[in-house]
Amino acid sequence: MSADLAAAAIADELRQRFDGAILAEQHTRDGIPTLWVKPDRAKEIVRHLKAGVDRPYRLLYDLTAVDERVRSDRAMNPASDFTVVYHLLSFDRNADIRIKAPLVGERPSIETITDVYPNANWYEREVWDMFGVTFSGHPYLRRILMPTTWKGHPLRKEHPARATELEPFDLPDDELVAAQEALKFRPEDWGLERSRGDTDYMFLNLGPHHPGTHGLLRVILQLEGEVIVNSVPDIGYHHRGAEKMGERQTWHSFIPYTDRIDYVAGVLNNLAYLLGVEQLAGIAVPPRAQMIRVMMSEFFRIASHLVWYGTFAQDLGAMSPVFYMFNDRERVFEIVEAICGGRMHPAWFRIGGVAHDLPRGWDKMVRDFIAYFPPKLLEYDKALIANRIFINRVKGIGKYTLDEAIDWGVTGPGLRACGFEWDLRKKRPYSGYDQFEFEVPIRHNGDCLDRGLVHIEEMRQSVRIIEQCLNNMPEGPYKADHPLTTPPRKERTMHDIETLINHFLGVSWGPVIPNGEAFSGIEGAKGGYGYYLISDGNTMSYRTRIRTPSFAHLQMIPLMSRGVLLSDLLAILGSIDFVLADVDR
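Residue numbering for the sequence shown follows the working numbering, starting at 9 and increasing by one per position.
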């Protein structure tokens with residue numbers, strides 16, 4: 009069955025089963041079936057999609073909201089002030105569905121789905137925090153990214169986006185006292201018991217300034233001796249408002265911001281974002297530009313995995329590997345710098361292609377790296393994977409099943425470590441990945457060791473892909489010849505005033521992207537990244553939603569750490585391979 013027929017079939021099934029609950033069907037640029045449903049029936053429909061349909065939608069891939077109040081083109085959609093958006097994924101169908109619930113009023117409410125999809129917990133808290141949408145029945149609805157004393161909901165359109173829109177900062181004494189009071193730790197506020205029977209629990213803060221948390225993450229630990237009884241991750245210390253920035257930057261000036269979502273994987277987020285913009289604009293990227301993008305993405309996958317490998321070993325007490333692996337990462341950055349001009353954050357991908365063509369001598373640098381790197385991985389295997397002390401620290405620790413992984417929204421190496429061969433580069437090839445030969449590494453135990461082994465083998469597969477790019481790089485343009493690519497190609501800029509004006513407008517104002525909605529997803533270094541973009545026919549996005557893997561993965565810390573020793577938590581955190589910039593955004 010074709011994708012269009014399959015989409016029509018699931019829509020028809022829902023209409024027949026939920027008579028009157030389906031308000032409208034929306035056409036989107038990404039082709040994902042998008043159904044508007046009555047808010048009081050949304051949970052019922054979502055539950056049916058998870059467990060009641062053939063080849064069910066087992067994964068809640070994302071949950072977010074849209075402030076619709078100042079949108080100029082609603083495309084005949086149902087009236088709403090706010091819209092809650094559920095993005096569900098079926099592995100068996102290899103297909104998605106988007107359910108939208110329109111809400112009216114300044115303080116809208118909808119029923120929680122945390123008893124259907126456990127990972128909805130943090131997503132619903134985020135929507136409450138950012139938009140002020142209440143989820144009735146939620147077990148712990150409180151702010152998750154902003155301080156508890158914050159006033160307003162930042163992703164509402166009336167909330168200021170710049171410091172210049174705010175009054176000069178002032179902290180009166182009463183607000184200072186309230187802020188200090190809010191910082192006091194009370195176990196009950198976090199859903200933790202002080203004691204049970206004749207046992208008094210000890211509470212310990214790991215972080216937010218602890219090297220094992222790899223950034224500003226606080227984990228509140230409830231301990232009985234050295235055994236973890238419960239844990240609560242506390243995030244938001246790294247929040248920078250990336251989605252808000254995406255709604256006030258032009259389409260092309262937001263590209264450098266995406267580098268910082270996963271700041272150790274550089275252009276991978278450029279790619280996820282630009283695939284969405286190109287869907288909205290109807291831009292076809294030339295084959296050479298696609299292969300250049302693939303090559304650079306795999307270099308950054310290796311760079312990201314080297315950071316993970318070195319710091320994971322360091323967390324467990326092996327001090328030398330991190331120096332060797334960061335040295336190899338420098339070799340990657342030398343190639344990145346020679347091609348892009350930048351290193352960690354080159355911001356080099358562009359709408360329709362890349363910033364410029366490959367420089368002379370790029371092939372020799374890449375060939376030298378391909379010869380150098382695989383033997384180094386074998387050395388690291390001997391130092392760590394063959395080390396009994398290292399193995400004993402990670403084997404059987406932080407284990408979860410495949411069903412638990414899906415329930416909690418795990419993607420990437422963490423999902424493949426449970427024996428599930430799911431990789432978007434294979435399942436939904438983008439940017440020409442269907443032309444490459446590579447394997448998807450899997451393991452079967454779902455523990456710290458297997459997550460590590462998947463990471464290591466992925467680096468070898470990335471080298472395979474890079475070598476194929478080296479040997480098969482096509483000729484042709486490095487950017488699409490399309491009026492909405494930015495900056496436009498400059499060959500004729502100085503020939504006449506019209507092309508000079510178009511170039512100036514394209515660089516300064518950026519393109520006007522047609523009305524529409526699109527989601528673009530890629531296989532990032534840490535899991536599934538996706539950008540849900542809504543265009544109102546303007547020079548900037550109306551809504552920029554960034555779906556990141558680490559946000560979902562950190563929700564699993566309580567499940568993974570319950571009953572293990574305190575020292576094992578460092579192994580668990582290291583094996584997750586998260587980055588706080590993509591947790592908090």
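The beta-carbon is built from N, C-alpha and C at its ideal position, and this holds for glycine as well.
Practice task
Assign G113 to one of three DSSP states: helix, strand, or coil.
Solution key: coil
Practice task
Would you grab the beta carbon distance between D104 and I40 for me? Rounded to a whole angstrom, and I think it's under 8 Å.
Solution key: About 5 Å; that satisfies the 8 Å criterion.
Practice task
Report buried or exposed for Y380, applying the criterion of at least 16 other Cβ atoms within 10 angstroms of its Cβ.
Solution key: exposed
Practice task
Could you name each continuous alpha helix (DSSP H) segment of 4 residues or more that falls completely within the segment 411 to 494, going from the start of the chain to the end?
Solution key: 421 to 424, 432 to 435, 456 to 480
Practice task
Note the first and the last residue of the continuous alpha helix (DSSP H) segment covering A346.
Solution key: A346 -> alpha helix (DSSP H) spans 329 to 348.
Problem - Short Cβ contact (8 Å threshold) for P329 with D585 - result: no
Exercise for the section: With DSSP collapsed to three states, give me the class of I40. Expected result: Per DSSP, reduced to three states, the secondary structure at I40 is coil, with no helix or strand assignment.
Practice task
Can you grab the Cα-Cα spacing for the pair T409 / L513, in whole Å?
Solution key: 53 Å
Exercise for the section: Can you tell me the Cβ-Cβ gap for P566 and G535, rounded? I've got them flagged as a contact below 8 Å. Expected result: Your pair P566 and G535 does not check out as a contact, with CB atoms roughly 19 Å apart and the cut at 8 Å.
Problem - Extent of the continuous alpha helix (DSSP H) to which R551 belongs - result: It is not in any alpha helix (DSSP H) - R551 instead sits in the beta strand (DSSP E) that spans 549 to 555.
Practice task
State the DSSP-derived secondary structure class of G233, mapped to helix, strand or coil.
Solution key: DSSP places G233 in coil when its eight states are reduced to three.
Exercise for the section: Classify W158 as buried or exposed, calling it buried when 16 or more other Cβ atoms lie within 10 Å of its own Cβ. Expected result: When all chains shown are included, W158 counts as exposed.
Handout entry: 7 Å Cβ shell around P491 - same chain, five flanking residues per side excluded
Key = none
Problem - Close-in-space but distant-in-sequence residues of the same chain around V285 (CB under 7 Å, 5 per side omitted) - result: W259, I359, I521, L541
Exercise for the section: Please report the Cβ distance between I310 and M467, rounded to the nearest whole angstrom; I am assuming they are in contact, meaning their Cβ atoms lie under 8 Å. Expected result: 5 Å
Exercise for the section: List the whole-angstrom C-beta distance separating R133 from A589, where the pair is believed to meet the contact cut-off of C-beta under 8 Å. Expected result: Wrong, their Cβ atoms sit about 19 Å apart, outside the cutoff.
Practice task
Could you tell me whether the Cβ atoms of T207 and L214 are closer together than 8 Å?
Solution key: no
Problem - The beta strand (DSSP E) enclosing S528, as first and last residue numbers - result: It spans 524 to 531 - the beta strand (DSSP E) in which S528 sits, taken as one unbroken run.
Problem - 8 Å CB neighbourhood of L385 in its chain, flanking five on each side removed - result: So the qualifying residues of the chain are I464, M467, R468.
Practice task
Could you tell me whether the Cβ atoms of A273 and F308 are closer together than 8 Å?
Solution key: The answer is yes: Cβ separation under 8 Å.
Problem - Exposed unless 16 or more other CB atoms sit within 10 angstroms - verdict on R418 - result: A quick correction: the sequence has Val, not Arg, at residue 418. Result: buried.
Exercise for the section: Answer with buried or exposed for E119, where buried requires no fewer than 16 other C-beta atoms within 10 angstroms of its C-beta. Expected result: buried
Practice task
Compare the C-alpha of V362 against each of V315, M304, M154, I405 and name the closest.
Solution key: Per the Cα distances, M304.
Handout entry: Delimiting residues of the alpha helix (DSSP H) encompassing F139
Key = 128 to 139
Exercise for the section: Would you kindly check if the distance between the Cβ of V462 and the Cβ of I450 is under 8 Å? Expected result: yes
Practice task
Please list, in chain order, all residues of the same chain as D89 whose beta carbon is under 7 Å from its beta carbon, the five residues on each side excluded.
Solution key: E76, R77, L111, V112, G113, P116
Exercise for the section: For L174, collect the residues of the same chain with a Cβ closer than 6 Å to its Cβ; drop the 5 residues on either side in sequence, then sort them by chain order. Expected result: The residues are P168.
Handout entry: Counted within 10 angstroms of its Cβ, other Cβ atoms place F444 as buried (16 or more) or exposed
Key = Buried, by the Cβ-count rule.
Practice task
Within its chain, find whatever has a CB closer than 7 Å to the CB of W316; leave out the 5 residues flanking it on each side and keep chain order.
Solution key: H463, D585
Exercise for the section: Just the C-alpha distance for D442 and E234, rounded to the nearest angstrom, thanks. Expected result: 49 Å
Problem - Burial state of Q24 (16 or more Cβ within 10 Å) - result: Classification of Q24: exposed, given that the 10 Å Cβ count is below 16.
Handout entry: Cβ separation of L31 and V45, assumed to be a contact under 8 Å, to the nearest whole Å
Key = 6 Å
Exercise for the section: Starting from the Cα of V448, find the closest Cα among R424, C456, N85 and give me that residue. Expected result: R424
Problem - Close Cβ partners of D431 (< 6 Å) along its chain, the five nearest in sequence each way excluded - result: Leaving aside the five residues that flank D431 on each side, the residues in its chain whose CB is nearer than 6 Å to its CB run, in chain order, V448, E531.
Exercise for the section: Could you check how far apart the C-beta atoms of F349 and A413 are, in whole angstroms? I think they sit under 8 Å. Expected result: Inspection of the sequence shows that residue 349 is occupied by Gly rather than by Phe. At roughly 39 Å, the Cβ-Cβ gap does not stay under 8 Å, so G349 and A413 are not in contact.
Practice task
Have a look at S439 and Y271 and give me their C-alpha separation to the nearest angstrom.
Solution key: 21 Å
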